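So the structure is just underneath, and the comments pick up after that.
There are 4 protein chains.
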Amino acid sequence: MKETIGFVGLGGMGSAMAANLLRAGYPLRVWNRTPERAAPLIAEGARPAATPADAAATGGIVLTMVSDDQALEGVTRGPQGVLAGLGRGGVHLSMSTVSPALARRLAEEHRRHGAAYLAAPVFGKPEVAAARKLWILVAGDKQARERARPVLEALGQAVYDFGDDAGSANVVKLCGNFLIGAAVEAMAEAFTLAQKHGVPRQQVQDFFSRTLFDCFVYRGYGELVALEKYEPVGAKPSLIRKDYGLVLEAANETLTPMPLAQLIHERLTSTVAKGRDDRDWSGFAREVSEAAGL
Amino acid sequence: MKETIGFVGLGGMGSAMAANLLRAGYPLRVWNRTPERAAPLIAEGARPAATPADAAATGGIVLTMVSDDQALEGVTRGPQGVLAGLGRGGVHLSMSTVSPALARRLAEEHRRHGAAYLAAPVFGKPEVAAARKLWILVAGDKQARERARPVLEALGQAVYDFGDDAGSANVVKLCGNFLIGAAVEAMAEAFTLAQKHGVPRQQVQDFFSRTLFDCFVYRGYGELVALEKYEPVGAKPSLIRKDYGLVLEAANETLTPMPLAQLIHERLTSTVAKGRDDRDWSGFAREVSEAAGL
Amino acid sequence: MKETIGFVGLGGMGSAMAANLLRAGYPLRVWNRTPERAAPLIAEGARPAATPADAAATGGIVLTMVSDDQALEGVTRGPQGVLAGLGRGGVHLSMSTVSPALARRLAEEHRRHGAAYLAAPVFGKPEVAAARKLWILVAGDKQARERARPVLEALGQAVYDFGDDAGSANVVKLCGNFLIGAAVEAMAEAFTLAQKHGVPRQQVQDFFSRTLFDCFVYRGYGELVALEKYEPVGAKPSLIRKDYGLVLEAANETLTPMPLAQLIHERLTSTVAKGRDDRDWSGFAREVSEAAGL
Amino acid sequence: MKETIGFVGLGGMGSAMAANLLRAGYPLRVWNRTPERAAPLIAEGARPAATPADAAATGGIVLTMVSDDQALEGVTRGPQGVLAGLGRGGVHLSMSTVSPALARRLAEEHRRHGAAYLAAPVFGKPEVAAARKLWILVAGDKQARERARPVLEALGQAVYDFGDDAGSANVVKLCGNFLIGAAVEAMAEAFTLAQKHGVPRQQVQDFFSRTLFDCFVYRGYGELVALEKYEPVGAKPSLIRKDYGLVLEAANETLTPMPLAQLIHERLTSTVAKGRDDRDWSGFAREVSEAAGL
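Residue numbers (numbering that gives the first Met the number 0), protein chains in the order written: chain A, 0 to 293; chain B, 0 to 293; chain C, 0 to 293; chain D, 0 to 293.
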């Protein structure tokens, strides 16, 4: 029988992932800040935990999926935190999008307690998670990575290894969110130029996503930008603006100028400042149209 | 037997395309500013023309592939120009990367002379042209487009139709060059950030070009940017800087702010100003590394 | 008695300047594209000219003050143009804001005809011109500069000499329009930040224009930006956008990246695209407020 | 006899200011992290304090002048901090360049302890401080401002009042550092454009600093940028980069896009990344020249 896994953080992503672990035969102990969200999983056989620490078994594996640095610190540290529950030999599989700096600090703290902290951020929306199609990155202690691999494989379509420094996986995750935003900005400028010259936006998107840019981002986000229909909401502008804050922070720490990342951060700031936080974050493309008087 | 086609402009792209027409069974009359470049085609059966007008048969098809707006105007207008040779019923298949504004003016001039001007810009380097793998756009007079289609199909892997306004195809071509540069800038910033955080550039490129960005541009240009090896030279920075000048001009005419296009134009300007015109244009990515002190 | 001067271009600036020449005792021959604008000057003693050439006396001095490169070329070249009228020994005092490239071409053309072309652009609005408070730059042929100096001194508070290359004065004029726009952008960002933190815009402007930035631009334009009242209209956004086009063209020719000039050009483009061309050009500062959701 | 004042932070600025207070007849109790720096003041009659708390008399006035947020928190909080020493009725005159957010938090903490926190940042280099020519801003509790006014007047040429919110003065100080950097960037771009067109940088700077921009910043910083001689060092790039970090943080908190502030932050980042931290911070203007291939 498979070992019991602790699961902390049952938002849209976490719930879908936890359900897949249950289906893969892992007994779960689950915890969420608002306990009601645990009900569907408990109905499927998961047991509730009283605290994050309680979700962790000594020497076991705990997976966390929460919204930001602060939330991760909250469920990790202190007497009720994951780290207190894990003890020696435990593995914390941290799948949230957080700063590389926090990942590195937590890795060090876990090491001092004889536990291991793995960064394992993912690409994919909740539907993608539910379909077990996530792309998963992993980095941190080597032995822990080997032990965690079957768990990660139960969650996504592929697992990519980024070595011993836990921060590495988070850096690459931030790079990905940046690259997606860059593609959105580029398409928004290109489609707007075409539109102003009488060429329909969708015709342009259709051409490029079949030829030079025949890939997931230019097809999926490209369609939203072409149609200027920023629904359904994969992630809100204010949420991804937080991620761009992490990108710029990671750039600042290492003296890396990123003018394109700054431009997108600025677009997201305007989007939120104008009260347009109810659409998908790719809706910052509207700023491009608006600046052109459309 | 197929009709004779005039071919004007035998640079790297033009020569490869002309050779494919010969192989497809089209008799050719060829002209180039420096006549020596015609020799290999003449050896394969093409006949030399004394002037661009001479390459054109009355009512026939002439294809032009030259370096910029000025060169296109040079081979098109005047008593020795293509338009004088074509006369009524002729079709000018203009495959160069030029401004939408020039395309529209030339379309009007051809119309007044009873001829048709088709814009048919392409995506692909000389090797791609040689392998008949070009992506070809076409726009302009409807009847002429129908007549020209078999010729275009002999030159590339697919032909995409952008309607009656010749300028449309050029706008989309410019959008493409812009989107490629945007992807290069985005990757350069992302890979530099990763590098500064200890993650190898190639590992990042490898991950994204297998997952979110599994397409031609992120694989091909991505490899150049990851390795920081900007060879072989597909197109020089000064040449593509000219194209970005056309992008910004097309944006100016239509009151379309394009800050990302401006950023890349600025990068290309620095690249040329620093005397780095001997590498592929994607080498502007070095500006990103350099600004980060690498 | 003073020598007769030809005066071509009687817009707001030109009319005020011509009136000052009359008052200084210079007989004038005046020409304007729409002749009615000459009436007030004729009432004060100026004689009307039938063409720009007619305004010029052989070997005399003609002053031109028109709206852009194209207009200057129009009144200068051809059988009815200023240059035809001036002949050998004549001096063309060109006071419009035009491109350095045109100035250099016209200087060469005048030289070939035995005449001299002086670039003498000015800083100041029509009221400033009327009050003889213009700052005047001059560059071009040395002897011609000496001959023209008393005329220039009758028009402004001070004349600054920029040497033999006519283009130099135009470059400096463009630098000035750029520096003003840069100050407007800087104040707009600073005042908006202050406003968002609860500090009144005017209090900030008042402080800086009494201390670190105690000068004309930060006081005058500063007040417009602080009050967000972009009236009266000194120059429309579309007019100054044309000047920024010249700045970027001059930068392009010499491979000079100017990201701040691009930013302001972009702001002006948005202002015009949104149909806000009825306020002073410094009204592009509204784009800053708007991007902040105000 | 005047009341004794505590003085914490004896760097270049603090030492010059403290000496002026002694000369104005204020007995001083001084403290510095490295005690040797206090020696010259003690030689002039100041008494040494063992801790920041010890420099403060209950109900007295303490002035702090330290390098950043962290240093200010260090000397303010805890049993040895200024706040512990001041007690009820005391006034903390905080003259460092720190974030508005910290000023607001500290104001609240002081209020809870019955003391008052005044933000009183200054403009001017150490020589300016020594000459009592500082421009001083002040904001915070009204009564405390009245009490502190004579002390501030002993330190500078003028005191500007920004009301009850301590954060306001810091916001305006940050605006000032931003406006100076914006002027440096603008001049760097303008002078480089002129230079590329054959017009000497100094001639351009001389013209503008006598006419449109006849003020302190365009004269002083303008000369450095014109001569490209970034000495003496008023403040290092890394120090002012920290201030731009505060500007962007203040902008982020309030959803205020500041693209020009981002551009300058990026320039400063490059300057530090390239190891050029040994010149005055205005030396970021070299990035402009370098991007132009000079």
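Just so it is clear, CB atoms sit at the ideal spot from N, CA and C, and this is done for glycine as well.
Computed from a predicted structure; not experimentally measured.
| Query | Result |
| --- | --- |
| Report yes if the CB atom of G86 of chain D is closer than 8 Å to the CB atom of T63 of chain D, and no otherwise. | no |
| Pick helix, strand or coil for T63 of chain B, following the three-state DSSP scheme. | strand |
| Does the beta-carbon of T210 of chain C, which I'm using as the reference point, lie nearer than 7 Å to any heavy atom of the ligand SAH? | For the ligand SAH, the structure offers nothing, since it holds no ligand at all. |
| Starting from the Cα of M16 of chain B, find the closest Cα among B:L178, B:E35, B:T3, B:L154 and give me that residue. | B:L154 |
| How far does the alpha helix (DSSP H) with G166 of chain B in it reach, from first residue to last? | 165 to 195 |
| Expressed to the nearest angstrom, what Euclidean distance is found between the alpha-carbon atoms of A225 of chain B and K195 of chain B? | 13 Å |
| Are the segment 272 to 285 of chain C and the segment 18 to 29 of chain D touching, with three or more C-beta to C-beta distances below 8 Å? | no |
| With 8 Å set as the bound, which would you pick, yes or no: does the beta-carbon of G274 of chain B sit closer than that to a beta-carbon of chain D? | yes |
| What residue range is occupied by the uninterrupted alpha helix (DSSP H) comprising S288 of chain D? | 284 to 290 |
| With distances taken between CB atoms, is the gap from S98 of chain A to L245 of chain A smaller than 8 Å? | yes |
| Can you give me, in chain order, the residues of the segment 273 to 293 of chain B that have a beta carbon less than 9 Å from any beta carbon in chain D? | K273, G274, E286, E289, A290, A291, G292, L293 |
| How long is the line joining the alpha carbons of L192 of chain A and I263 of chain B, rounded to whole angstroms? | 16 Å |
| According to DSSP, G5 of chain A sits in a beta bridge with which residue or residues? | A:R28, A:V61 |
| For D163 of chain D, count neighbouring C-beta atoms within 10 Å of its own C-beta (all shown protein chains included) and say buried if the count is 16 or more, exposed if not. | exposed |
| Quick check on this structure: which residue in D:P51, D:A83, D:I60 has the alpha carbon closest to the alpha carbon of A70 of chain D? | D:P51 |
| When DSSP builds the beta bridges, which residues end up paired with R46 of chain C? | C:R28 |
| Are the segment 268 to 280 of chain D and the segment 226 to 236 of chain D touching, with three or more C-beta to C-beta distances below 8 Å? | yes |
| Tell me, please, whether the CB atom of S269 of chain B is closer than 8 Å to any CB atom in chain D? | yes |
| Compare the C-beta of E252 of chain C with all C-beta atoms of chain B and state if any pair is closer than 8 Å. | no |
| Does the Cβ-Cβ distance between A55 of chain B and V81 of chain B come in under 8 Å? | yes |
| L136 of chain D and Q156 of chain D: beta carbons closer than 8 Å? | no |
| So which residues on chain A does P258 of chain D lean against when the C-beta distance must stay under 7 Å? | E265 |
| Short check: CB of V90 of chain C to CB of A37 of chain C, under 8 Å? | no |
| P125 of chain B and M257 of chain B look like a contact to me (Cβ under 8 Å); what is the Cβ gap, rounded to whole Å? | That pair is no contact at about 29 Å. |
| CA-CA distance, G24 of chain D and M0 of chain D? | 8 Å |
| What's the gap between the Cα of E145 of chain A and the Cα of F122 of chain D? | 58 Å |
| Which same chain residues end up closer than 7 Å to A249 of chain A when comparing Cβ atoms and leaving out the 5 residues on each side of it in sequence? | S98, P99, V170, L173 |
| Is any beta-carbon of chain C found at less than 8 Å from that of A234 of chain D? | no |
| Does the beta-carbon distance from E188 of chain A to V65 of chain A come in below 8 Å? | no |
| At a CB distance below 9 Å, what residues from the segment 209 to 226 of chain C approach chain D? Give them in sequence order. | R209, T210, L211, F212, D213, C214, F215, V216, Y217 |
| Output the boundary residues of the alpha helix (DSSP H) element that contains G274 of chain B. | Counting along the chain, G274 of chain B falls outside any alpha helix (DSSP H), and DSSP gives it neither H nor E. |
| Under the assumption that Y220 of chain B contacts V183 of chain B (Cβ atoms under 8 Å), give the Cβ distance between them as a whole number of angstroms. | 5 Å |
| Once DSSP output is grouped into helix, strand and coil, what is the label at Y229 of chain D? | coil |
| Among A:L178, A:T75, A:F161, A:V203, whose alpha-carbon lies nearest the alpha-carbon of V202 of chain B? | One point to set straight first is that residue 202 of chain B is Gln, not Val, in the sequence displayed. Of the candidates A:L178, A:T75, A:F161, A:V203, the one whose C-alpha sits nearest the C-alpha of Q202 of chain B is A:F161. |
| Cα-Cα, which of C:V74, C:A181, C:F215 is closest to R32 of chain C? | C:V74 |
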